[in-house]
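Q: Read top to bottom, the protein sequences are chains R and G.
So the first sequence is numbered by the numbering used here: it starts at 2 and just counts up by one.
So the second sequence is numbered by the numbering used here: it starts at 2 and just counts up by one.
Here a beta-carbon is modelled for each residue, glycine too, at the ideal position from N, C-alpha and C.
Protein chains: 2
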Amino acid sequence: MLARTHENTHQCPSSSELNALAGHNVFCSEFKYRRGTVIFGETEPVEYLYQVKSGAVRSYKLLPDGRRQVISFHLPGDIFGVENGADHRFTTEAITDTTVRLTKRRNVVDEHGSRATATNNLVRLVTSNLQHAEEHMLLLGRKTALEKVAAFLLEMDNRLAATGVVVLPMRRRDIADYLGLTVETVARVMTHLRNQNVLIFIGPANREIVLRDRAKLAEFAS
Amino acid sequence: MLARTHENTHQCPSSSELNALAGHNVFCSEFKYRRGTVIFGETEPVEYLYQVKSGAVRSYKLLPDGRRQVISFHLPGDIFGVENGADHRFTTEAITDTTVRLTKRRNVVDEHGSRATATNNLVRLVTSNLQHAEEHMLLLGRKTALEKVAAFLLEMDNRLAATGVVVLPMRRRDIADYLGLTVETVARVMTHLRNQNVLIFIGPANREIVLRDRAKLAEFAS
DNA sequence: CGATCTTTTGAAAGAGGTCAATTGAAGTGG
DNA sequence: CCACTTCAATTGACCTCTTTCAAAAGATCG
């Protein structure tokens with residue numbers, strides 16, 4: 002949050018969904034984060050809204066002893082950093098080198114309730130986050146490791162607008178913390194799915210995956 | 002949703018938080034649900050907003066094989082049934098005999114974006130649901146049985162505006178499905194906490210609980 | 001008061017976690 | 001360009017927390 006200078010500031014392309022959210026053109030800037038760097042921290046004041054232009058982002062919460070729960074992944078096109086209160090409720094980091102568009106929060110969230118379009122779009126956005134959270138609670142509370150990993154792969158397949166290959170931007174630890182599992186269990190389930198001919202690994206770190214049998218995967222996902 | 006007749010319709014007391022939500026007085030009715038009855042089902046169209054007057058309500062999702070995840074409990078004063086889309090995303094049932102106030106959704110959610118106050122209040126409401134969901138994901142994904150039960154008891158203690166005794170309206174199965182555990186595990190942890198002198202059971206079905214040591218409970222809750 | 005539901009308790013089993021070692025990929029600096 | 005270090009992913013052996021299965025005691029209700 003320190004080195005965000007005016008060098009990076011310029012008019013956003015008019016196609017930006019941030020403009021759609023605000024209901025009018027907003028003057029915003031672009032910013033790059035290196036892999037692993039913090040975009041904003043828990044309890045930091047909300048100053049900006051973000052949209053992923055390229056790369057990938059994780060939002061997570063921590064327990065005092067370091068156990069981590071990834072709340073969501075943000076992929077290109079996704080808007081994040083929306084809060085109603087004054088402070089953020091979790092930490093957000095770049096998973097890979099990431100470029101985001103950002104705009105001052107007050108451009109979108111109007112204190113005096115006059116920007117009706119913006120506020121309506123905001124409701125829609127927060128609601129879709131809530132919907133995702135509800136689905137994820139079902140997964141965390143009631144699904145087995147196999148079901149969790151299958152559901153995760155299908156989610157990524159959908160959201161990454163697949164070219165036939167799912168290229169995961171996150172490491173196994175991120176996946177594990179998203180699914181409420183350990184890295185070892187994630188790896189074991191992945192191997193199991195590969196042995197069942199449901200997946201094919203093609204990348205070097207097994208991050209590039211072909212979903213050979215989406216039907217069976219959907220069955221597994223429950 | 003069937004027997005909701007005009008017999009039940011009358012002006013709400015002006016103190017109703019539904020009025021506050023709408024930003025103006027809304028004509029609404031009161032309705033009673035018997036213990037165990039469905040208030041609305043998954044995929045049903047959204048027609049009303051609800052506020053618990055007395056009793057308690059559970060919202061949950063089901064997997065095809067019957068596994069259940071309770072998303073949230075609604076206690077007196079709580080507003081529920083808020084959705085952005087046309088359909089509900091989960092099933093909602095009365096846990097005990099419950100009285101709710103209700104108002105037509107269109108009284109609050111304005112399609113044309115003119116009622117700015119209402120929409121702003123709506124954002125706040127949806128956001129607080131999202132905040133709760135995020136906390137709950139951390140619990141479901143990363144906490145142990147002991148931590149889950151301790152956190153649950155403290156949550157209920159806060160939300161039930163305790164007179165010193167927490168009177169749980171829900172059964173052990175509801176608690177288990179909320180925490181992602183089995184009834185047996187919930188019972189065992191409760192017994193353990195009683196043996197540690199953290200809790201005292203006073204009711205007949207162990208539903209009335211004195212939190213003898215909130216500090217230790219908070220420690221356990223992590 | 002008999003039938004049904006809820007809660008508790010015990011014993012056994014299992015799914016996933018922990019610990020440890022190996023392999024492979026990715027940087028880094030000489 | 002190549003040792004050297006570090007990080008990521010996998011695999012195996014073992015362990016434990018929670019679940020499963022079963023039974024009994026306690027409420028609740030018609």
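#1: Using a Cβ cut-off of 7 angstroms, pull out every chain G residue sitting near Met138/R, in sequence order please.
#2: Tell me, please, whether the region 81 to 90 of chain G touches the region 33 to 52 of chain G by the rule of three or more beta-carbon pairs shorter than 8 angstroms.
#3: Using the rule of at least 16 other Cβ atoms within 10 Å of the residue's Cβ for burial, across every protein chain shown, is Ala151/G buried or exposed?
#4: Quick one: grab the DSSP three-state call for Phe91/G.
#5: Going straight from the alpha carbon of Pro205/R to that of Tyr61/R, what length do you get?
#6: Below 8 angstroms between beta carbons: does that hold for Glu31/R and Thr104/R?
#7: 8 angstroms is my cut-off, CB to CB: does Thr10/R come that close to chain G?
#8: Since Asn85/R and Val124/G should fall inside the 8 angstroms C-beta cutoff, what is the C-beta to C-beta distance between them, to a whole number of angstroms?
#9: Comparing alpha-carbon positions, which option in Pro77/R, Gln70/R, Asp66/R and Thr183/R lies nearest Leu147/R?
#10: Which chain G residues sit within Cβ distance under 8 angstroms of Asn20/R?
#11: If we cut at 8 angstroms on Cβ distances, does Asn130/G have a partner in chain R?
#12: Check the Cβ of Arg208/G against every Cβ in chain R and list those closer than 8 angstroms, keeping chain order.
#13: The region 70 to 98 of chain R: which residues have C-beta closer than 8 angstroms to a C-beta of chain G, in chain order?
#14: Would you tell me roughly how many angstroms separate the C-alpha atoms of Leu194/R and Asp178/R, rounded to the nearest one?
#15: Taking the DSSP output, what are the residues bridged to Ala99/G?
#16: If the cut is a Cβ gap below 7 angstroms, which residues of chain R does Val127/G touch?
#17: Are the C-beta of Pro205/G and some C-beta of chain R separated by less than 8 angstroms?
#18: In whole angstroms, what separates the C-alpha of Ser225/G from that of Leu76/G?
#19: Here's the rule I'm using: 16 or more other beta-carbon atoms within 10 Å means buried, otherwise exposed. How should Asp88/R be labelled?
#20: With distances taken from CA atoms, which of Ile72/R, Ser129/R, Arg143/R and Asp175/R is nearest Ala222/R?
#21: Alpha carbon to alpha carbon, how far is Val58/G from Val166/R?
#22: Residues of the region 26 to 47 of chain G with a CB closer than 7 angstroms to any CB of chain R: list them in chain order, please.
#23: Quick check on Val166/G: does DSSP put it in helix, strand or coil?
#24: Only counting the same chain, and skipping five residues up and downstream in sequence, which positions put a Cβ closer than 7 angstroms to that of Leu50/G?
#25: Hey, does Gly181/R have any beta-carbon neighbour from chain G nearer than 8 angstroms?
#26: Which term fits Met2/G, buried or exposed, when burial requires 16 or more other beta carbons within 10 angstroms of its beta carbon?
#27: Taking DSSP as the reference, what is the three-state secondary structure of Ser129/G?
#28: May I ask which residues mark the beginning and end of the alpha helix (DSSP H) holding Ile176/R?
#29: Do we get a CB-CB distance below 8 angstroms when we pair Leu64/G with the residues of chain R?
#30: For Ala188/G, which residues of its own chain have a beta-carbon under 8 angstroms away from its beta-carbon, when the five flanking residues on both sides are left out?
#31: Under 8 angstroms Cβ-Cβ, which residues of chain R neighbour Ser223/G?
#32: Based on the DSSP output, what are the partners of Val211/G in its beta bridges?
#33: For Thr128/G, does the count of other Cβ atoms within 10 angstroms reach 16, so buried, or fall short, so exposed?
A: Quick look at the numbers:
#1: Gln70, Ile72, Ala134, His137, Met138 and Leu141
#2: yes
#3: buried
#4: coil
#5: 27 angstroms
#6: no
#7: Interpretation of Thr10/R is limited by its pLDDT of 40, a score under 50 that renders its predicted location unreliable; the figure taken from the coordinates is listed afterwards. No, Thr10/R does not count as interfacial toward chain G.
#8: 6 angstroms
#9: Thr183/R
#10: Here the premise fails: no neighbours, minimum Cβ distance about 17 angstroms.
#11: yes
#12: Here the premise fails: no neighbours, minimum Cβ distance about 22 angstroms.
#13: Gln70, Ile72, Glu84, Asn85, Gly86, Arg90 and Phe91
#14: 20 angstroms
#15: The residue asked about is misnamed: residue 99/G is Thr in this sequence, not Ala. BP columns for Thr99/G point to Tyr34/G.
#16: Val124, Val127, Thr128 and Leu131
#17: no
#18: Shown here, chain G extends from 2 to 223; a query on residue 225/G therefore has no answer.
#19: exposed
#20: Arg143/R
#21: 44 angstroms
#22: none
#23: strand
#24: Leu19, Ile80, Gly82, Val83, Leu103, Thr104, Arg106 and Val109
#25: yes
#26: Residue placement at Met2/G is flagged as unreliable, the pLDDT there being 38, under the threshold of 50; the coordinate-derived value follows with that caveat. The residue in question, Met2/G, is exposed, as its Cβ has fewer than 16 Cβ neighbours within 10 Å.
#27: helix
#28: Arg173 to Leu180
#29: yes
#30: Arg173
#31: Leu64, Pro65 and Asp66
#32: Val166/G and Ile201/G
#33: buried
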